[in-house]
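Its first residue numbered 2, the sequence shown is counted upward by one per residue in the working numbering.
All C-beta atoms in this analysis are idealised placements derived from N, C-alpha and C, irrespective of residue type, glycine included.
Structure, as structure tokens:
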Amino acid sequence: MRASKTLSLGRTLLSLTALLLCFTLQAIGAEENLIGVANGGKLVESVGNLPAWPDEDWNGAIDGDLETWAGTVTVFNAPPEGDPHPWAIFAFKDEKTTFINKARFFMLTEAVIAENLQSRCGKDFVIEVSTTGTDEGNFKTALKDTVKKLEKEWEEFEFPAVRAKYVKLTWESNYGDGTYTTMGEFEVYGGTASVKPLGKLTATWAQIKSE
């Protein structure tokens, strides 16, 4: 009798655990790069967007190209527009507002490596967010950090979740080049939890104890 009750209790707890796991997975959802062109992200505005060559502007940061010069951002350290540092503003699909809590950089494209231009790679950066507009006063800092991996791999940065409609990336320094700053890819992750009810949990604690 005792063994039967124990087995029944174990089955009930297992069912509850499975339902909770499914609920959690639905809430989290699959990760995707929210500013990537492939996912509907876009470049909204930028300064220093006068690249050394015509196809190396800020759009290269979100195109998914890790190989070519066309997928490499090359901008002036001191933009001709008068700003002290190059920056760009990105938006999500349909310019929706959502939560973000992680960013990733891939700094060294094959093109940069082939010409040994690692000194151009961005170093100190600031990520800011806005839920209203793209004017300077609309943004607040979400993360200020330093890229350390000058390798052919991603470097990930996590920060407390913040709501964002626009994401602004500013490069404050690079690894020594006096004229240009380069980067490969910039990705942003997060997303609003999309939770769907999975049905009612019919087992109560009283029922579990009485099993």
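Quick check: what's the CA-CA separation for residue i versus residue j?
| i | j | result |
| --- | --- | --- |
| G134 | Y190 | 20 angstroms |
| V168 | I36 | 9 angstroms |
| G192 | W70 | 30 angstroms |
| W54 | T75 | 8 angstroms |
| M184 | K94 | 23 angstroms |
| W88 | S47 | 6 angstroms |
| A1 | V130 | Since the first residue shown for the chain is 2 and the last is 212, residue 1 is missing from the structure and cannot be characterised. |
| D58 | G65 | 14 angstroms |
| S174 | D125 | 5 angstroms |
| K141 | V45 | 17 angstroms |
| F91 | F158 | 18 angstroms |
Can you name, in chain order, every residue of its own chain whose Cβ lies under 6 angstroms from the Cβ of residue i, other than the five neighbours on each side?
| i | result |
| --- | --- |
| L22 | Low confidence applies here, because L22 scores a pLDDT of 38, under 50, leaving its location unreliable and the question unanswered by this model. |
| P85 | none |
So who's on the other strand from residue i, going by DSSP bridges?
| i | result |
| --- | --- |
| G191 | I101 |
| W172 | F126 |
| W88 | V48, T171 |
| E186 | F107 |
| D146 | F126 |
| S131 | Y167 |
| K141 | V130 |
In terms of residue numbering, what span does the beta strand (DSSP E) encompassing residue i cover?
| i | result |
| --- | --- |
| A165 | 156-165 |
| V74 | 74-77 |
Specify, as a first and last residue, the run of the alpha helix (DSSP H) that residue i falls within.
| i | result |
| --- | --- |
| V113 | 111-115 |
Please work out which residues of its chain come closer than 7 angstroms, Cβ to Cβ, to residue i, disregarding the five sequence neighbours upstream and downstream, and give them in chain order.
| i | result |
| --- | --- |
| N139 | S131, T133 |
| G61 | A71, G72, T73, V74 |
| L170 | W88, A89, F126, I128, F187 |
| W172 | H86, P87, G123, F126, T182 |
Tell me which residues share the same chain as residue i and place their Cβ nearer than 8 angstroms to its Cβ, disregarding the 5 neighbours each side in the sequence.
| i | result |
| --- | --- |
| E1 | This structure gives no information on residue 1, because the portion of the chain shown stretches from 2 to 212. |
Counting Cβ pairs, one atom from each stretch, are 3 or more of them under 8 angstroms apart for the region 135-151 and the region 105-115? These segments touch.
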